[in-house]
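Student: Okay, handing you the structure first.
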Amino acid sequence: MKYLCLIYTEEATFRQAMSTADEAAMMAEYGAFSGSIQKSGHFLAGHRLEPSAAAVTIRIRDGKTSTTDGPFAETKEALGGFYMIDARDLNEAIQVASRIPGAKVGSIEVRPIAFTTPPAGGG
Amino acid sequence: MTQPGDEPIRALVDGVYRTDSRRVLATLIRLLGDFDLAEEALHDAFVAALETWAVAGVPASPRAWLVSTGRFKAIDSLRRRARFDRSVAELAEHLASVTGEPAADIEDEVADDQLRLIFTCCHPALPPDAQTALTLREVCGLTTEEIARAFLTAPPTVAQRIVRAKAKIKEARIPYQLPSLAELPARLDRVLHVLYLVFNEGYSASAGATVTRADLSAEAIRLGRLLVDLLPDPEAVGLLALMLLHESRRAARTSTTGEIVLLAEQNRSVWNRQQIAEGAALVERALATRRFGAYTLQAAIAAVHAQSPSAAGTDWDEIVGLYDILLRADPSPVVALNRASAVAMRDGPVAGLALIDAILADGRLDDYHLAHSARAELCRRLGRLDEARVAYRRALTLVKQEPERRFLEARLRETGPP
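Listed in order, the protein sequences are those of chains W and G. Letter by letter, the first sequence follows residues 461 to 583 in the working numbering. Letter by letter, the second sequence follows residues 5 to 422 in the working numbering.
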């Protein structure tokens, strides 16, 4: 099963609170985590995202396209990055996701990828 | 990454995963002292097996190889993590200092480890829902999604039960060991209860579209055998017998269109004779200990049915006699209800109906659809159709399983217009 792990953190407080040294340590920790899940075969994809200030939201209504600055939803915690992983089941995905360094400062949302066709042998 | 030559080794490793992963996990939990760490180690050991066995060949004892590789991988991974989390460093060094046991000892300990795992998953400090979910995932190897499907629950609900149960085991320092002799009866009772619950969910699902989910029953029987092999308690023997005797009737319990077929109307020639023989022998063995309980007595009743040529040719006197003893061991209204149905077969519907009415008057079975359908059945046989219809309708308001609903609706139609 594939799962998307969405990493949410409080952008403003996060940046203010973090010294350069802390940030470097965090990046090193992410590097080690990515390396470990590549080795274990869980890793499918993963990226850090630019801050939500860099986001543009697009809507098409009645054939008219409009764009706005920033993310779709203004929340305290913003999407800061993601991993797409392969895991045996939801609990294994939770176990992997709980080792994402961001879990210690923000939160991780684990979402199963929907199958377009039912898995073989199911039902 | 996968080369054509990888396929045979992958199939081989997958096969070892199916047969041995739960045993390896049970041992790794003991060696590493933590469920999550052991599960990660198990995963890493199988990844390593895929790489190493393709080159170096399959080791003489794959299980021992997986255990020692898993342990090594866990220490290695903790050491790497220790760079960012000092609390982990101590644990890594502690685990590294405990010398691994020789391969021969691993084999000896494996069976006990599986029991330790079952008893830990069914620990009374965990909520009942969590005990079942944890047993199915850790002991039987079902995925969270499969467990959710089997119990018609959302996967996140099951996942959280499992996460919380593991956290509880860690925080409460629930020891990974077999219960002491003094605790054993109560603890074993809990394990047998969970096993029977798993079996029944597979045999007669409490809700949903199909009558049976055979894989759950098969897992419960497998664990029942394991318990009997390692811990031949009379009630463990009795429960295994009971599960086998129920299972023997699986093919006859539903029609080709998925409708329920009652015991009296089942085609007995399709009952599984091998399972009946094994179950009946286990009943004898449990009864001979004279320390048997409710599971053995239920199995003894099932054995009488299994060995009878027809409903009419059943020794109902013996069945009622066994229910009398069972009712003393387990004085529950459900047992009393089943006894009443047996009395109806032996002495006629009037006698059975009097007993059922007395049980219903007590009120405890008022929400149990089978109590009302049993009453309806006897009223129907006595030609008291108005009463039968009232009771069928009451049962229909309570039934949760689709085939049972269709069965009751068909019976209601047969009793004529209101």
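Note that CB positions come from ideal geometry on N, CA and C, so glycine has one too. This structure is a prediction, so every number in the text was calculated from the model and none was measured.
Which of the three DSSP states, helix, strand or coil, is assigned to residue 507 (chain W)?
Tutor: strand
Student: Could you work out which residues of chain G lie near residue 520 (chain W), taking near to mean beta carbons separated by less than 9 Å?
Tutor: Correct list: empty, because the minimum Cβ distance to chain G is about 32 Å.
Student: Let me confirm a value: residue 259 (chain G) is counted as buried when at least 16 other C-beta atoms fall within 10 Å, else exposed. Which label applies?
Tutor: exposed
Student: Strictly by DSSP, which residues pair up with residue 539 (chain W)?
Tutor: Residue 539 (chain W) is bridged to W:468.
Student: From the DSSP output, in three-state form, read off residue 324 (chain G) for me.
Tutor: helix
Student: Give the single residue among G:166, G:18 and G:65 whose Cα lies nearest to the Cα of residue 126 (chain G).
Tutor: G:166
Student: Going by DSSP, what residue range makes up the alpha helix (DSSP H) through residue 136 (chain G)?
Tutor: 132–138
Student: What's the C-alpha gap between residue 467 (chain W) and residue 479 (chain W)?
Tutor: 20 Å
Student: Can you list, in chain order, the residues of its chain with a C-beta nearer than 7 Å to that of residue 183 (chain G)? Leave out the 5 residues immediately preceding and following it.
Tutor: 123 and 191
Student: Please report the residue range of the beta strand (DSSP E) in which residue 415 (chain G) lies.
Tutor: Where residue 415 (chain G) is concerned, there is no enclosing beta strand (DSSP E), although the alpha helix (DSSP H) it sits in stretches over 406–418.
Student: Roughly how many angstroms lie between the CA atoms of residue 194 (chain G) and residue 239 (chain G), to the nearest whole one?
Tutor: Distance between the alpha carbons of residue 194 (chain G) and residue 239 (chain G): 12 Å.
Student: May I have a chain-ordered list of the alpha helix (DSSP H) segments no shorter than 4 residues that lie completely inside the stretch 258–302 of chain G?
Tutor: 277–293
Student: Would DSSP call residue 583 (chain W) helix, strand or coil?
Tutor: Note on residue 583 (chain W): pLDDT 39, under 50, position unreliable in the model; the coordinate value appears next. DSSP places residue 583 (chain W) in coil when its eight states are reduced to three.
Student: Touch check for the stretch 216–225 of chain G and the stretch 195–207 of chain G: three-plus C-beta pairs under 8 Å?
Tutor: Contact holds: three or more Cβ-Cβ distances are below 8 Å.
Student: Apart from the five residues just before and just after residue 554 (chain W), which ones in its own chain have a Cβ nearer than 7 Å to its Cβ?
Tutor: 570
Student: Pop quiz: residue 462 (chain W) and residue 509 (chain W) are said to be a contact at Cβ under 8 Å. What is the actual Cβ separation, rounded to whole angstroms?
Tutor: Going by Cβ atoms, the distance from residue 462 (chain W) to residue 509 (chain W) rounds to 19 Å, so no, they are not a contact pair.
Student: Quick one: is residue 166 (chain G) near chain W, going by C-beta distance under 8 Å?
Tutor: At least one CB of chain W lies nearer than 8 Å to the CB of residue 166 (chain G).
Student: Straight-line CA distance for residue 69 (chain G) to residue 16 (chain G)?
Tutor: 15 Å
Student: Which chain W residues are close to residue 88 (chain G), counting only those with a beta carbon under 8 Å from its beta carbon?
Tutor: 485, 488, 489, 492 and 561
Student: Is any beta-carbon of chain G found at less than 8 Å from that of residue 504 (chain W)?
Tutor: no
Student: Terminal residues of the continuous beta strand (DSSP E) containing residue 529 (chain W)?
Tutor: 524–529
Student: Anything in the stretch 33–52 of chain G with a Cβ closer than 8 Å to a Cβ of chain W? List those residues in chain order, please.
Tutor: 40, 43, 44, 47, 48 and 51
Student: Could you please give me the residues that DSSP links to residue 462 (chain W) through a beta bridge?
Tutor: W:546
Student: For a cutoff of 8 Å on Cβ pairs, would you count residue 163 (chain G) as touching chain A?
Tutor: Going by chain labels, chain A is absent from the structure shown, which instead holds the protein chains W and G.
Student: Suppose you measure from the CA of residue 382 (chain G) to the CA of residue 241 (chain G); what does that come to, to the nearest Å?
Tutor: 35 Å
Student: If you drop the 5 nearest sequence neighbours on each side, which residues of the same chain put their C-beta closer than 7 Å to that of residue 13 (chain G)?
Tutor: 54, 57 and 58
Student: Please go through the stretch 320–376 of chain G and give each complete alpha helix (DSSP H) segment of 4 or more residues, from N-terminal end onward.
Tutor: 320–333, 337–351 and 353–365
Student: With a threshold of 6 Å on Cβ separation, who are the neighbours of residue 245 (chain G) within its own chain once the five nearest residues in sequence on each side are excluded?
Tutor: Counting only Cβ-Cβ distances below 6 Å, and skipping sequence neighbours, we find 283, 286, 287 and 303.
Student: Using a Cβ-Cβ cut-off of 6 Å (strictly less than) and excluding sequence neighbours within five positions of residue 517 (chain W), which residues of its own chain qualify?
Tutor: Here residue 517 (chain W) has 528 and 532 as same chain residues with Cβ atoms under 6 Å from its own Cβ, once five neighbours each way along the sequence are excluded.
Student: List, in chain order, every chain W residue whose beta-carbon is nearer than 7 Å to that of residue 289 (chain G).
Tutor: Per Cβ cutoff of 7 Å: no residues; residue 289 (chain G) is ~37 Å from chain W at best.
Student: Would you check if the stretch 27–39 of chain G and the stretch 164–180 of chain G touch, i.e. whether three or more CB-CB distances between them fall below 8 Å?
Tutor: yes
Student: Here's a check: name, in chain order, each residue in its chain whose Cβ is nearer than 7 Å to the Cβ of residue 359 (chain G), leaving out the five neighbours to either side.
Tutor: 344 and 347
Student: Using 8 Å as the threshold, is the C-beta distance between residue 227 (chain G) and residue 115 (chain G) below it?
Tutor: By the CB criterion at 8 Å, residue 227 (chain G) and residue 115 (chain G) fall outside the cutoff.
Student: Pull up the CB-CB distance for residue 321 (chain G) and residue 312 (chain G), whole angstroms please, since I reckon it's below 8 Å.
Tutor: Under the criterion of beta carbons closer than 8 Å, residue 321 (chain G) and residue 312 (chain G) do not qualify as touching, at roughly 12 Å.
Student: Starting from the beta carbon of residue 421 (chain G), find every residue of chain W whose beta carbon is closer than 9 Å, and list them in chain order.
Tutor: The premise fails here: residue 421 (chain G) is roughly 38 Å from chain W at the closest Cβ pair, so nothing lies under 9 Å.
Student: Could you compute how far the alpha carbon of residue 101 (chain G) sits from the alpha carbon of residue 11 (chain G)?
Tutor: 38 Å
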